Amino acid sequence: MLLRPWCRVATLSGRAASTTTTATPTTDAAAATAADAAAASEKRRPEEYQRTLWRPPTSPFVQTPQAWVSTLHSVKDEKVSMVDLHPSVFRAPPRVDLLHRNLVWQQVYRNVQMTKQLSRAEMPGGGKKPWPQKKTGRAHVGSVRSPQFVRGGFANGVRGPRTWFYMLPDSIRVQGLCVALSLKHAQSDVHVVESLGAVPEGADGSYLQEMAEARNWGYSVLFVDAGEESMEGGLLDACDSLPTFNVMPLFGLNCYSIMKYNTIVLSLAAVELLESRLLQQLHTAGPANKKYRYIDYKDAILEQEDYREDPKQAPYV
Numbered sequence: 001m002l003l004r005p006w007c008r009v010a011t012l013s014g015r016a017a018s019t020t021t022t023a024t025p026t027t028d029a030a031a032a033t034a035a036d037a038a039a040a041s042e043k044r045r046p047e048e049y050q051r052t053l054w055r056p057p058t059s060p061f062v063q064t065p066q067a068w069v070s071t072l073h074s075v076k077d078e079k080v081s082m083v084d085l086h087p088s089v090f091r092a093p094p095r096v097d098l099l100h101r102n103l104v105w106q107q108v109y110r111n112v113q114m115t116k117q118l119s120r121a122e123m124p125g126g127g128k129k130p131w132p133q134k135k136t137g138r139a140h141v142g143s144v145r146s147p148q149f150v151r152g153g154f155a156n157g158v159r160g161p162r163t164w165f166y167m168l169p170d171s172i173r174v175q176g177l178c179v180a181l182s183l184k185h186a187q188s189d190v191h192v193v194e195s196l197g198a199v200p201e202g203a204d205g206s207y208l209q210e211m212a213e214a215r216n217w218g219y220s221v222l223f224v225d226a227g228e229e230s231m232e233g234g235l236l237d238a239c240d241s242l243p244t245f246n247v248m249p250l251f252g253l254n255c256y257s258i259m260k261y262n263t264i265v266l267s268l269a270a271v272e273l274l275e276s277r278l279l280q281q282l283h284t285a286g287p288a289n290k291k292y293r294y295i296d297y298k299d300a301i302l303e304q305e306d307y308r309e310d311p312k313q314a315p316y317v
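Right under this line is the structure:
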């Protein structure tokens with residue numbers, strides 16, 4: 001009889017404990033359901049990625065190119081939706097000659113040759129006639145600084161500083177940029193993501209390397225965003241340790257960088273801004289060619305020499 005109250009108390013306590021333990025998973029499940037609902041509400045629906053293209057081509061033979069929209073939240077490639085791209089930008093005719101003109105211009109226009117070879121008049125010494133003019137049987141020479149002597153001046157030497165500066169017409173530059181984007185998209189080397197700021201904070205270079213390997217991006221990747229202020233998250237810190245991964249704002253996008261990197265990753269904001277600017281240039285009514293003078297860009301070109309060599313990384317060619 002003395003054991004019954006103790007057993008009853010233990011039974012009641014056991015019931016209370018069991019009731020408490022069964023209530024905890026229910027609370028956790030409710031919290032998880034609420035978190036999933038909040039995350040689902042934050043995600044954009046596939047219909048929200050549909051875009052109305054401005055002045056699309058009316059030809060029935062021109063197809064609208066598309067691209068998958070993925071995220072950078074994880075290493076695994078998570079497809080969210082598909083987005084339409086403008087045919088005038090990503091389906092341009094493959095004018096390789098215009099692309100070649102842009103690449104040659106970018107490699108040449110900033111070069112300045114500072115070498116200057118002295119002529120016979122600029123060489124020091126040689127003022128005295130080495131031997132008499134006649135009756136010696138030797139050639140007539142007036143100075144030992146003549147070009148035929150070992151330490152003489154140069155007859156037709158390099159007279160620096162010399163520049164190869166010239167500017168391509170804006171129409172050629174715009175068309176070359178469209179050709180480069182079309183070639184990259186045709187090779188499945190153009191990828192669109194929701195935002196470049198989705199990379200987790202504290203991510204290092206190995207995170208991007210694993211992502212590039214999982215998504216088949218290749219050895220080098222160029223991330224392009226709409227502007228510098230929108231580049232947030234851990235992408236900048238992760239690219240800092242990788243010389244073959246680079247981040248670039250949209251206003252710096254060029255043909256040489258597009259062809260240099262294996263993969264181009266564009267954000268949705270960058271795609272919209274890129275198409276709007278290129279279409280504005282393609283359909284402008286005014287003159288597309290501007291006058292450029294070297295004296296207006298001389299200081300900017302000479303200052304680029306200071307930023308060619310990175311203090312941390314070896315140059316990637």
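The opening residue of the sequence shown carries number 1 in UniProt numbering; numbering runs sequentially from there. Heads up, the beta-carbon is just placed ideally off N, CA and C, and yes, glycines get one too. Keep in mind the model is a prediction, meaning the values are calculated, not measured.
query: Hey, is the region 199-212 in contact with the region 157-168, meaning 3+ C-beta pairs nearer than 8 Å?
result: no
- request: Measure the alpha-carbon distance for residue 84 versus residue 107 and round it to whole angstroms.
  value: 33 Å
task: Flag this pair as touching only if the region 179-195 and the region 78-97 have three or more C-beta atom pairs under 8 Å; answer yes or no.
output: As far as the Cβ criterion goes, the region 179-195 touches the region 78-97, which means the pair count is three or higher.
- prompt: DSSP on residue 75, reduced to helix/strand/coil?
  reply: Coil, per DSSP.
- prompt: Would the region 215-222 and the region 256-266 be scored as touching if the rule is three or more Cβ pairs under 8 Å?
  reply: yes
- prompt: Any idea what DSSP makes of residue 66, helix, strand or coil?
  reply: Looking at residue 66 - three-state DSSP - the assignment turns out to be strand.
message: Going by DSSP, what residue range makes up the beta strand (DSSP E) through residue 192?
response: 190-193
- prompt: Between residue 97 and residue 254, what straight-line distance do the alpha-carbon atoms span, to the nearest angstrom?
  reply: 16 Å
message: In the DSSP assignment, the alpha helix (DSSP H) including residue 102 goes from what residue to what residue?
response: 96-108
- prompt: By Cβ distance, which residues of its chain are closer than 7 Å to residue 184, with the 5 residues on each side in sequence left out?
  reply: Answer for residue 184: 190, 258, 264, listed in chain order.
task: Give the secondary structure of residue 41 by DSSP, where H, G and I count as helix, E and B as strand, and everything else as coil.
output: Residue confidence for residue 41 is low, a pLDDT of 44 falling below 50, so the modelled location carries little weight and cannot support an answer.
Beta-carbon proximity list for residue 76, same chain, < 7 Å, skipping 5 on both sides: If we look at residue 76 and ignore the five residues flanking it on each side, its Cβ neighbours are 214.
query: Where does residue 299 land, buried or exposed, given buried means 16+ other C-beta within 10 angstroms?
result: In this structure residue 299 is exposed. Its beta-carbon is surrounded by fewer than 16 other beta-carbon atoms within 10 angstroms.
- request: Sort out for me which residues DSSP pairs residue 248 with in a bridge.
  value: 224
For residue 151 and residue 171, the rounded distance between their alpha carbons: Residue 171 and residue 151: Cα-Cα distance of roughly 51 Å.
message: Short of 8 Å in beta carbon distance, which residues of its chain neighbour residue 256, apart from the five on each side in sequence? Order them along the chain.
response: 102, 103, 106, 107
- request: Answer yes if the region 278-290 comes into contact with the region 131-146, meaning at least three C-beta pairs across the two stretches below 8 Å, and no otherwise.
  value: Remark: fewer than three beta-carbon pairs, one from each stretch, lie closer than 8 Å, so the region 131-146 and the region 278-290 are not flagged as touching.
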